[in-house]
Amino acid sequence: MSSGSAASGELGLTLALETSCDDTCAAVIDGSGRILSSVIHSQDVIHEKYGGVVPEVASRAHAERATVVLREALAEAGAGMADLEAVAATVGPGLIGALLVGFHTAKAIAWGRRLPFMPVNHLHGHLGAVWLADEQVPLPLLALIVSGGHTMLVRADGRREFQLLGQTLDDAAGEAFDKGARLLGLGYPGGKELDQLAERGDPQAFTFPIALRGQDTLDFSFSGVKTALFYLLRDMTAEERVARAADVAASYREAVVEALVGRLMRAAEREQVSAVAIGGGVAANSLLRRRVTAEAQAAGLHAVIPPFRLCTDNAAMIASAARYSPRLAFPAYLSVEATSSLRLGEEVG
Ligand code: KG4
Ligand code: ZN
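Residue numbering for the sequence shown follows my numbering, beginning at 90 and increasing consecutively.
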């Protein structure tokens, strides 16, 4: 912690903002970590026509919505600015222009009332969702954080003690789903649509490669499975592509989920942890949720499967992680800046 850290101890109402990518989010939690409100404004419809997040467009959309989302979060919590005792915001990693909007809005609110301010690492936020979902989760814990930007296996020995055990060597798991969805002609971002289509298909219909399987590594690779999907679809007729779409989606999802769960359970055994957890947008995947629940149970491990609204980006998880992040007193935080690159375990302030 910096010399500007405010006194530790319980805080009352905390407002948190999250704008690291394409969701404008605000939330209020109370001193015991209870969520009073969590408002998420997705920009999916804005970026859909580009087929991906356009950073400058995302920043502008955040700037247009930040105040509205923030007011909504306060109203839903039945709170006013005067009731807040602390403010938090995502400091990184993420798109710098997008981050700056939420970070400076939050800092200005804290500054106006001389409140303590907590800069939160977005990756710690995804772990914060685990604490929100299960306050009593036993440690050590092994978390699989899977989103559009990240695929990580994290060992947590405390709420601030993290160790990166494995990560993707190429595409993130969310990208694997989104690119697969695009090849199948589904919507944007596509992970959810592919998941829904896969529910109706046969996961054994086609065999997709699972990279690094059987190797002594906890890393992941998804470029091969995506390429295999490209060639499978290329060699089908237009009629086959339609008729077999659900089977293709189910088989593809099976390979991606098997890679994720296989590595998670292997790491859990190696690390002798007490619990496993999933987080990040891909943790909304229905097969991943079922498989982690079943395999953890079979291994006698406690499993934390957070509700959907805590898996995709949200500010409640940032407020949760803020309880275990540097707490900066006024005016120390005025010179603290958002940063696009921040690694797991790194804190700012
Ligand atoms: O954590 P998140 O909201 O944003 C970041 O990327 O940080 O994750 C979004 C990702 C997207 O790739 C989206 O397609 C994926 O999560 N996703 C899913 C599902 N729901 C969202 N992937 C697979 N199955 C789902 N049901
Ligand atoms: Zn995220």
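Glycine is no exception: its CB is placed at the ideal position from the N, C-alpha and C atoms.
Small disclaimer: the values here were computed from a predicted structure and weren't measured.
Can you round the beta-carbon distance between residue i and residue j to whole angstroms, since I take them to be within the 8 Å contact cut?
i	j	result
A392	L254	No, A392 and L254 are not in contact; Cβ-Cβ is about 18 Å, not under 8 Å.
S127	R398	7 Å
T108	H136	Rounded, the Cβ-Cβ distance is 14 Å, inconsistent with contact.
L159	T194	7 Å
L184	A287	Actually they are not in contact, since the Cβ atoms of L184 and A287 sit about 30 Å apart, beyond 8 Å.
L258	E360	Not really, about 21 Å apart at Cβ, beyond 8 Å.
N210	E426	Actually they are not in contact, since the Cβ atoms of N210 and E426 sit about 14 Å apart, beyond 8 Å.
V314	V346	The pair is not a contact, with the Cβ atoms about 11 Å apart (cut-off 8 Å).
If I measure Cβ to Cβ from residue i and keep anything under 6 Å in the same chain, skipping five residues before and after, which residues do I get?
i	result
G290	A335, D336, A338, A339
E174	L100, G101, L102
A207	Before going further, note that residue 207 is Met rather than Ala in the sequence given. Correct list, in chain order: A177, A411, S414, R416.
Q293	none
G169	none
Y277	E137
T296	none
A270	G279, E282, L283
T428	G181
N403	C114, S127, I129
K268	K315
L307	L242, L254, G255, R352, A356
Name the residue from the options whose alpha carbon lies nearest to the alpha carbon of residue i.
i	options	result
M241	Q256, F251, L228	Q256
L321	P298, R302, G303, Q304	P298
A61	V226, E165, M325	Here the chain covers residues 90 to 438 and nothing more, so residue 61 does not appear.
L349	V243, A270, Q132	V243
V143	G201, L163, C110	C110
R379	H193, D284, L273	D284
E343	A265, A245, I135	A265
Y341	I185, E360, A300, L417	A300
P229	S424, F319, S430, V365	V365
E145	V190, E107, D267	V190
A187	E153, L423, G279, A171	E153
D112	I124, L104, R149	R149
R330	L273, W200, Q132	L273
A373	T401, V209, V362, L431	T401
G280	H130, G141, C114	G141
V226	V209, A245, A327	A245
F419	S310, P182, A197, A385	A197
G171	D305, P395, R203	Reading the sequence as shown, one finds Ala at residue 171 and not Gly. Taking only the C-alpha atoms, the option nearest A171 is R203.
A105	A155, S131, G351, Y139	A155
A385	I129, P396, V362, G201	V362
G369	D223, P395, T382, D305	P395
G438	S131, A147, P205, H130	P205
I124	V381, D223, G247	D223
Is residue i near the ligand KG4 - that is, is its Cβ less than 7 Å away from at least one heavy atom of it?
i	result
V371	yes
P278	yes
K315	no
D267	yes
D223	no
S375	yes
C114	no
G238	yes
K281	yes
D284	yes
G191	no
G263	yes
Tell me which same chain residues have a C-beta within less than 8 Å of the C-beta of residue i, skipping the five on either side of it?
i	result
S92	With a pLDDT of only 37 at S92, under 50, the local geometry of the prediction cannot be trusted, and the value read off the model is given with reservation. Closer than 8 Å at Cβ, skipping near neighbours: A421.
S409	I118, G122, G214, G217, A218, W220, L221
G389	none
F309	T240, G255, Q256, T257, L258, A262, A300, L301, A348, L349, R352
L423	K196, W200
R323	none
M325	R333
Starting from the C-beta of residue i, find all residues in its chain whose C-beta is less than 7 Å away, skip the five residues before and the five after it, and write them out in chain order.
i	result
L233	L242, L349, L353, I367
T406	Here residue 406 turns out to be Met, not Thr, going by the sequence shown. Hits under 7 Å: G214, H215, G217, A218, L221, L399.
A261	S236, G237, G238, H239, T240
L433	L212, M241, V243, F251, L253
C319	Position check: residue 319 holds Phe in this sequence, whereas Cys was assumed. Hits under 7 Å: L272.
Give a yes or no on whether the minimum CB-CB distance between residue i and chain C is below 8 Å.
i	result
D324	Here there is only one protein chain, and chain C is not present.
Please enumerate, following chain order, all residues with a beta carbon closer than 6 Å to at least one heavy atom belonging to the ligand PLP. The ligand content of the structure shown is limited to the ligand KG4 and the ligand ZN, which means the ligand PLP is not among them.
Which runs of the beta strand (DSSP E) at least 3 residues long sit entirely within the region 95-146? Give them in chain order. 103-107, 112-118, 124-131
Along the chain, which unbroken stretches of the beta strand (DSSP E) at least 3 residues long are found entirely within the region 332-375? 364-368
Going residue by residue through the region 371-424, where are the continuous alpha helix (DSSP H) segments of at least 4 residues, counting only ones entirely within it? 375-387, 397-400, 405-411
Within the region 159-189, ranges of the beta strand (DSSP E) (whole runs, at least 3 residues): 175-181
Residue ranges of each alpha helix (DSSP H) within the region 270-323, 4 or longer: 280-287, 312-323
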